[in-house]
Amino acid sequence: MTPKLTNAQIAWRAAQDIADGAYVNLGIGFPEMVARFQPPGRQAIFHTENGILGFGGAPEPGAEDWDLINAGKKAVTLKPGTAFFHHADSFAMVRGGHLDVAILGAYQVAQNGDLANWSTGPKGVPAVGGAMDLVHGAKRVAVITDHVTKDGKPKLVQSCTLPLTGVGCVTRVYTSLAVVDVQDGRFVLREKLPAISLDDLQAVTGARLHLDGAVGDLVVPEL
Amino acid sequence: MTPKLTNAQIAWRAAQDIADGAYVNLGIGFPEMVARFQPPGRQAIFHTENGILGFGGAPEPGAEDWDLINAGKKAVTLKPGTAFFHHADSFAMVRGGHLDVAILGAYQVAQNGDLANWSTGPKGVPAVGGAMDLVHGAKRVAVITDHVTKDGKPKLVQSCTLPLTGVGCVTRVYTSLAVVDVQDGRFVLREKLPAISLDDLQAVTGARLHLDGAVGDLVVPEL
Amino acid sequence: MDKRIPNLATAVAGIPDGATVMIGGFGGSGAPIELIHALIDRYLATGSPKGLTIINNNAGNGHVGIAALIEQGMVRKMVCSFPRSADPRVFTEKYLAGEIELELVPQGTLAERIRAGGAGIPAFYTPTSYGTDLARGKPVAEFDGRPYVQERWLKADFALIKAETGDHYGNLTYRMAARNFSPLMAMAAARTIAQVTQAVAPGGIDPEHVVTPGIFVSSIVEVANPAQEEVLNRADAHYPKVTA
Amino acid sequence: MDKRIPNLATAVAGIPDGATVMIGGFGGSGAPIELIHALIDRYLATGSPKGLTIINNNAGNGHVGIAALIEQGMVRKMVCSFPRSADPRVFTEKYLAGEIELELVPQGTLAERIRAGGAGIPAFYTPTSYGTDLARGKPVAEFDGRPYVQERWLKADFALIKAETGDHYGNLTYRMAARNFSPLMAMAAARTIAQVTQAVAPGGIDPEHVVTPGIFVSSIVEVANPAQEEVLNRADAHYPKVTA
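Protein chains in written order, with my numbering: chain X, 1443 to 1665; chain L, 1443 to 1665; chain B, 3 to 246; chain R, 3 to 246.
Written as structure tokens, this is what we have:
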């Protein structure tokens, strides 16, 4: 079996690129995990679509205040310096380019930066939430994802076949196998697991991986 | 010499049409005077463009706080229930149709409701302030004005010759001689000073005054 | 000038069949549960209002509030960003059966369209949804070399919102993330009805702390100990109560 | 994460020649007098910054603040709604002599254009100015049978604003009508510098009472006893001081 990173390890890797003082929005679900791995000495300020900036982690079980939740409807906590605001101001922060980083999940990312992460097709009830807003405005839009789908199909593709969330919006992808930048309409490989060969990585990637200088080792702690 | 109302009397007459509980914006200068003549038992809530709702009258001389001013830069006072907000919210109130009445001055009003009150032509420095915003959105846009200019020319005209503030926006004009509605592109005379004949009034009016039912007597107290 | 209404039934009495109603709340926070349930009570007693268009971020959670409105069959159309829900299935089932209409709007666009409705801005351009299925049929324009989608304002006949403190003039404050869409909806509805946890005389709210100025509010009704939707749902509450 | 700057000179050191600068204030309230005067001090010492585009409701009052900036010849262009003034005459004279450019914008449109700049809305439609000289050359469109004018967002390189309390993260409150354009300008500028009457540690402002969240603020500088423009003007103050 091919070695691959756990979700926690992918989240950890993404967290290392968040600078001290950055304003960050983490998509609901898996991306929320990134908050756990802020490097010591760095302080990110987290934004949630439903109108809070600078909130803290989850409260003790039983201590939840359900008026103090994030966009994933999980209870959060106050920290000194938290601010509340309404939804239009919240998305002014998003759309107006005030966030430094947004980290989202993905079904597919295309080599031109197109993202599909909201719909797997016409079945069921469509639901988009804030994903289409988040992909515009943040200075960096990063994706964290398994490198392939559950049935082994590439998630990094030449062009998305699923309904798009945004056009040309993703700047970096952290996968279970690699760190890949989107640059001038191409995937550029920045890091890969030392245990996987370039050929094997290319084989599970749906579009050409370009090289631009040395490829780093993707090394993460046991978590 | 023809009898005519003083500015205070024109303002008094306009004040009589402001319902209890109305949200009102008074243009800077002469229109501000309307606030003095609220009928007893009625309470209007005044809005000023620079971000206050529900302020009170002028403070005692010497007691001014110059951070608590109206759009005319005059000091006002707090009242129980005052609210502060920023300029975008303030003009959301204006443009969004939330004001019941706006009362403005005029250089000219045309029979189709066009208003000219911001510029007397290309000389000097142009300045518009909030006038162009105020004429849109308020449910009633009323004008208070002398019936004629200082050199005796009509201010109620067939069509404005001065630069427009707004198109088809005025609903009622309170002048020193009469109360005139703008209705279906025509001036409709509602009230006139008893001492002036219809012919004499028509003679100092630049467009046809139509009748629609009885013309009331414009009777105001000595002020 | 006193915008207080003595009780919930009176507060919602004027909402007719077919009305468009914005309802505050995001997930379990900020939902005006008591106002919504008063509307259900009226429907159960009189058969009205029905055929409602409801604007909210979601399409109901659990079996109270908006979910209960939908379960009662009072809703013709939902406008929301995230209508998907594991519980209840009622929206899903009605939607798949073609019994309820859905207008799906990205969350930030939903917020901005509502604000635009309140601010007298009939249309605006946003980068959101450009190149996606949700931009289909909408005008596109380029500004400074980037493509944008034109979106229209959203208005309503009524807004039902939950606030923390309200004075008699309708000035409001909110509680934490329960603020969410409510200040925007208050601006965008012809009539805004706010349930407030605490009604105070004018002067009871510091003018610097007013979030929604009273000009945007038609009436307030005090609900001193309001239910919290998430708390109700965790207790598996149903409205009307399921009798065992 | 501490956005405090030790002094005014450092706070304005990065503003280059030709910058577009939004400056808070309406009439005599809310003007960041000390920040503006620090900019003048720098200009007098170094000859820079000059050729500035200033966005403010007015074109200066008296002989302090923006009026003093214009008197020094540091301003190339004003964007405002009400530039007319009996005192000073300096804007009037420079304007009539063709030495300073003016973009005249209706006040509500100015506010909304600045908000749009901060909110990532490149263009919007407004009824304001339709059919007037100020709509000349702008696209017009009809919505629901009414004509509207298309307006573009307004952004700036810097915003200089005055706030009441600021915490180290840049969360701000304001004082009464001194709030005016400042929260909007904070959103619309690439870098926002706020002078605050009181700097407090995070937690010193109730999260419910924050008017400008810190994400919109780059730096704060404490000016404990700020001058009030109207008070200065009533005392006929000049900057720099006229030596008798």
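Don't be surprised by glycine CBs; every beta carbon is placed ideally from N, CA and C.
{"query": "Return the chain-ordered list of same chain residues with a C-beta closer than 6 Å to the C-beta of E1491(L), the five sequence neighbours on each side being excluded.", "result": "A1513, S1532 and G1572"}
{"query": "Measuring only the C-alpha atoms, how far is P141(R) from R193(R)?", "result": "30 Å"}
{"query": "Using the Cα positions of N272(R) and M1574(X), report the straight-line distance between them to the nearest angstrom.", "result": "No information on residue 272(R) is available, as it lies outside the stretch 3 to 246 that chain R covers here."}
{"query": "Beta-carbon of Y150(B) versus every beta-carbon of chain R: anything under 8 Å?", "result": "yes"}
{"query": "Nearest CA to the CA of A1525(X): which residue from G30(R), P209(R) and P242(R)?", "result": "P209(R)"}
{"query": "Using DSSP with H/G/I as helix, E/B as strand and the rest coil, what is S1601(X)?", "result": "coil"}
{"query": "Give every residue of the same chain whose Cβ lies closer than 6 Å to the Cβ of T1617(L), excluding the five residues on either side of it in the sequence, and list them in chain order.", "result": "T1587 and H1589"}
{"query": "Can you check DSSP and say which residues form a bridge with K79(B)?", "result": "T55(B) and E103(B)"}
{"query": "Which residues does DSSP list as the beta-bridge partners of T1617(L)?", "result": "T1587(L)"}
{"query": "Closer than 8 Å is the cut-off here; do at least three beta carbon pairs connect the stretch 172 to 192 of chain R with the stretch 1501 to 1518 of chain L?", "result": "yes"}
{"query": "So, using beta-carbon positions, are S131(B) and I163(B) closer together than 8 Å?", "result": "no"}
{"query": "Going by C-alpha to C-alpha distance, which of T214(R), G133(R), A190(R) and Y150(R) sits closest to P171(R)?", "result": "Note on residue identity: the sequence assigns Tyr, not Pro, to residue 171(R). With distances taken between Cα atoms, Y171(R) lies closest to T214(R)."}
{"query": "In the stretch 1572 to 1593 of chain X, which residues sit with their C-beta less than 8 Å from some C-beta in chain R, listed in chain order?", "result": "H1578 and G1579"}
{"query": "Report yes if the CB atom of G1608(L) is closer than 8 Å to the CB atom of R1632(L), and no otherwise.", "result": "no"}
{"query": "From the beta carbon of A125(R), is the nearest beta carbon of chain B less than 8 Å away?", "result": "yes"}
{"query": "Beta-carbon of P129(R) versus every beta-carbon of chain B: anything under 8 Å?", "result": "yes"}
{"query": "Going residue by residue through the stretch 1516 to 1561 of chain X, where are the continuous alpha helix (DSSP H) segments of at least 4 residues, counting only ones entirely within it?", "result": "1529 to 1537"}
{"query": "For A121(R), return the contacting residues in chain X, with the cut-off set at a CB-CB distance below 7 Å.", "result": "A1534, R1537 and G1538"}
{"query": "Rank K79(R), A191(R) and A33(R) by C-alpha distance to the C-alpha of V233(R) and give the top, closest one.", "result": "A33(R)"}
{"query": "Closest to V202(B) by CA distance: which of L174(B), F28(B) and I195(B) is it?", "result": "L174(B)"}
{"query": "L71(R): buried (16+ other C-beta within 10 angstroms of its C-beta) or exposed?", "result": "buried"}
{"query": "Note the first and the last residue of the continuous beta strand (DSSP E) segment covering N1467(L).", "result": "Y1465 to L1468"}
{"query": "Tell me, please, whether the CB atom of P228(B) is closer than 8 Å to any CB atom in chain X?", "result": "no"}
{"query": "Any idea if K1581(X) is buried or exposed, counting beta-carbon neighbours within 10 angstroms, 16 or more meaning buried?", "result": "exposed"}
{"query": "So, with DSSP's three-state summary, where would you put S184(B)?", "result": "helix"}
{"query": "Can you tell me where the alpha helix (DSSP H) with A1644(X) in it begins and where it stops?", "result": "Strictly speaking, residue 1644(X) in this sequence is Gln, with Ala absent from that position. Its alpha helix (DSSP H) spans residues L1640 to A1645."}
{"query": "Cβ closer than 9 Å: which chain D residues qualify as neighbours of I163(R)?", "result": "Of the chains in the structure shown, none is chain D; the protein chains are X, L, B and R."}
{"query": "Name, going along the chain, the residues of the stretch 1503 to 1536 of chain X whose beta-carbon falls closer than 8 Å to a beta-carbon of chain R.", "result": "L1520, K1521, P1522, G1523, T1524, A1525, F1526, F1527, A1530, D1531, F1533, A1534, M1535 and V1536"}
{"query": "List, in chain order, every chain R residue whose beta-carbon is nearer than 8 Å to that of L1606(L).", "result": "G133, T134 and D135"}
{"query": "Does the beta carbon of D238(R) come closer than 8 Å to any beta carbon on chain B?", "result": "no"}
{"query": "Would you give the residue range spanned by the beta strand (DSSP E) that M24(R) belongs to?", "result": "T22 to I25"}
{"query": "Could you check which residue in I68(B), T55(B) and A15(B) has the C-alpha nearest to that of I38(B)?", "result": "I68(B)"}
{"query": "Taking only beta-carbon positions, decide if A188(R) is within less than 8 Å of chain X.", "result": "no"}
{"query": "Using a Cβ-Cβ cutoff of less than 6 Å, which residues in the same chain neighbour N1554(L) once the five nearest sequence positions on both sides are dropped?", "result": "G1610 and G1627"}
{"query": "Between A1544(X) and the rest of its own chain, which residues show a CB-CB distance below 6 Å, the 5 nearest in sequence each way excluded?", "result": "N1467, L1576, A1580 and V1583"}
{"query": "When DSSP labels each residue in this structure, what does R6(R) get in the three-state scheme?", "result": "strand"}
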